[in-house]
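Our numbering numbers the first residue of the first sequence as 5 and each following residue consecutively. Glycine is no exception: its CB is placed at the ideal position from the N, C-alpha and C atoms. Here's the structure we're looking at; comments come further down.
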Amino acid sequence: MPNKILVIVGPTASGKSALAVLIAKKFDGEIISADSRQVYKGLNVGTAKITHKEMNGVRHHLLNVSDSKKQFGVVDYVERAGKAIVEINKRGKLPIVVGGTGFYVQALVDGVIFPDVRPNLDLRKKLRNKSAEELFKILKKLDPSRAENIDIHNTRRLIRSIEMAQALGKMPKIPNPKATHRPLFIGLTLPKDKLRQHINARLSRDLKRGLIRETRKLHANGLSWKRLEEIGLQYRLVSKYLRGFISKKEMTEKLKTELWHYAKRQMTWFKRDKRIRWFDPVEMEAISNTVENFVSAGDGGIGPPIAVLETAVIPLN
RNA sequence: GCGCCGGUCGGAUAGUGGCUAUUCCAGCGGACUGUAAAUCCGCGGCCCUUCGGGCAUCGGGGGUUCGAGUCCCUCCCGGCGCA
C-alpha cells in the first residue's frame, strides 16, 4: 500500500512556504523542500529561504544540504529527499514536498529513474566551444535515434545527450518511473497582476534584508562571479551590479522582469500536470479540507489518486 | 519667425528608389529525464477555420516614378540652434 504524500507547488512568491507550515502543523507533517537553490548553504535572502522562526517548529528537509561552490543536481536531490521521506514515514508523519522546481518535484514524486551516466567534465570541456550545429552532427553520428528528438539549438542538452550516447551507446529507451507514494498535488496560483505585485514586494523586502550584502559576502567567501551568474536571478543580477556592469536601478528593474519570466516558466511546467488542484492561497479552508479528505480517506491502495478526479482550475488567466 | 535634425509594431532601432521592412527589449505561448532560478524554441498590423490565403502599413495630405519608408511639395508634432 503506497504511502501518502502531499505536494505543494506554485510559482515564486505564491506563498508556498507559509502554507506548508500551516498544513504541517495541522496534519502533523514534515516538509521536504523542492527548490534547486535552497539546497545550498549561504543562499538565504536571495532564495527567500524560510527562517528558523517561520518554520515554527516544523521540521524541514533538503535545505542547506550542499556547499554552494559545488553543483547539486536532481540526482543528488532525489537521493537525499527520498531518504528523508522514508524517515518521515518511519516517524509516522506526513511528508510534504514543497517547492517551485518542477523538475525536482517530478523526479522525486514520480520516481524518475535517471540513467547512471555522471557528468563527464573532460568531455564537456572538449565540447564547450562547439556550435549547436557541430554538436548535432556528433550526436547524429553516435546515435541517430537520440538525435531525432532533440532540440537542435540547445547546446546544453546536446552535450548531455552526447555524453549519454558515448557512455551507453545506442540506447534511447527511458526506463519507466517507479512511484512509491500516492500524492496529492496542491497548486498555488494568483491572478497575474497580483502575483507580479507579490514578486516585486518580495524583491524590495529582500533588498532591505540585505540581498546585496549577502551576495557580496558570498563572493568574498570564494564564490566566483561565474558561479553566481550560474546560480541565477538575484545572484546573477546583483553580481553584475557589484562589478559595476549595471546600475542599481537597472538591476532592480531587470530583476523584476526576470523574476516574472521565471514565474511564467514555472507555470508552464506545472500547467502540464493535470493532477494538480489549483487554489488561491487565500482559500485556506478549501485547501485544508482537501488535505483533510486526502489524509483521512481510508486507503484502498489501488485506484487513481483522488486529485485526478477533480477538474483543475486553469491558472493564471 | 528663420534654420537644422528627427517622427518606422508597446519602447528602442536598421533601412536614402526595386521585389517577403531589420534587430533588441518588454508582451504572449511552448519545451524540458544528471547545470532546471539553468538551458532552449515559437508568435508578434488586421481579417479568414488550419495548411494556407486575403488586405494593409513606415506622423497627415498631395506629387514625381514602371516602382517610394526611402525623392519633391505642404501641413502637423518633437528636439536643438538663431532671433
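query, result
"Excluding sequence positions up to five away, which residues of its chain have a Cβ less than 7 Å from the Cβ of G214?", "V49"
"What are the boundary residues of the beta strand (DSSP E) that P285 is part of?", "Premise fails: P285 is in no beta strand (DSSP E) and is neither H nor E."
"Using the rule of at least 16 other Cβ atoms within 10 Å of the residue's Cβ for burial, across every protein chain shown, is I54 buried or exposed?", "buried"
"My output table needs one value for K8: the three-state DSSP class, helix, strand or coil.", "strand"
"Taking all protein chains shown into account, decide if F118 is buried (16 or more other Cβ within 10 angstroms of its Cβ) or exposed.", "exposed"
"Report the rounded CA-to-CA distance for V11 versus W264, giving the unit in angstroms.", "23 Å"
"What is the DSSP secondary structure of G33, reduced to helix, strand or coil?", "strand"
"Is the number of C-beta pairs between the segment 14-32 and the segment 194-207 that are closer than 8 Å three or more?", "yes"
"So, with DSSP's three-state summary, where would you put F189?", "strand"
"Determine, using beta carbons only, whether V101 and I35 come nearer to each other than 9 Å.", "yes"
"Have a look at the DSSP bridge pairing and note the partners of P119.", "Beta-bridge pairing links P119 to no other residue."
"Once DSSP output is grouped into helix, strand and coil, what is the label at I100?", "strand"
"Short of 8 Å in beta carbon distance, which residues of its chain neighbour D114, apart from the five on each side in sequence? Order them along the chain.", "P181, A183"
"Would you mind listing the beta strand (DSSP E) stretches within the segment 17-72 that are 3+ residues and don't spill past its ends, in chain order?", "33-37"
"Beta-carbon within less than 8 Å of L222's beta-carbon, same chain only, minus the 5 sequence neighbours each way: which residues are those?", "G46, L47, S72, L232, Y239"
"Express the C-alpha separation of L23 and E314 in angstroms, rounding to a whole number.", "Low local confidence applies: a pLDDT of 32 at E314 is under 50, so the model's placement there is unreliable, with the coordinate-based value given in what follows. Whole-angstrom Cα-Cα distance: 21 Å."
"Spatial neighbours of K134 within its chain, please: CB distance less than 8 Å, with the 5 preceding and 5 following residues excluded, ordered by chain position.", "I142, T159"
"Our contact map puts I166 next to L125 with C-beta atoms below 8 Å; I'd like the distance itself, whole angstroms only.", "The pair is not a contact, with the Cβ atoms about 14 Å apart (cut-off 8 Å)."
"Is A301 helix, strand or coil when you go by DSSP?", "coil"
"What does DSSP give as the partner residue(s) for E13 in the beta ladder?", "For the record, residue 13 in the displayed sequence is Val; it is not Glu. DSSP lists G191 as partners of V13."
"Count the other CB atoms within 10 Å of the CB of D120; is the residue buried (16 or more) or exposed (fewer)?", "exposed"
"Checking 9 Å against the spacing of the C-beta atoms, do S40 and H64 come in under that value?", "no"
"So the alpha helix (DSSP H) I163 belongs to, where does it begin and stop?", "159-172"
"Can you round the beta-carbon distance between L66 and R84 to whole angstroms, since I take them to be within the 8 Å contact cut?", "6 Å"
"From T3 to Q42, what distance separates their C-alpha atoms?", "What is shown of the chain runs 5 to 321, which leaves residue 3 out entirely."
"Under 9 Å, do L188 and K8 count as touching if we go by C-beta distance?", "yes"
"I think A290 touches F283, with their Cβ atoms under 8 Å apart; what is that distance to the nearest whole Å?", "6 Å"
"Drop a sphere of 10 angstroms on the beta-carbon of I163, count the other beta-carbons inside from all chains shown, and report buried for 16 or more, exposed for fewer.", "buried"
"To which residues of the same chain is A267 closer than 7 Å at the C-beta, ignoring the five residues directly before and after it?", "P15, T16, L199, I203"
"Just to confirm before moving on: does the CB-CB distance between E254 and Y245 stay below 9 Å?", "yes"
"Could you name the residues of the same chain whose beta carbon sits closer than 7 Å to that of V109, not counting the 5 residues immediately before and after it, in chain order?", "V11, V13, A38, V101, G103"
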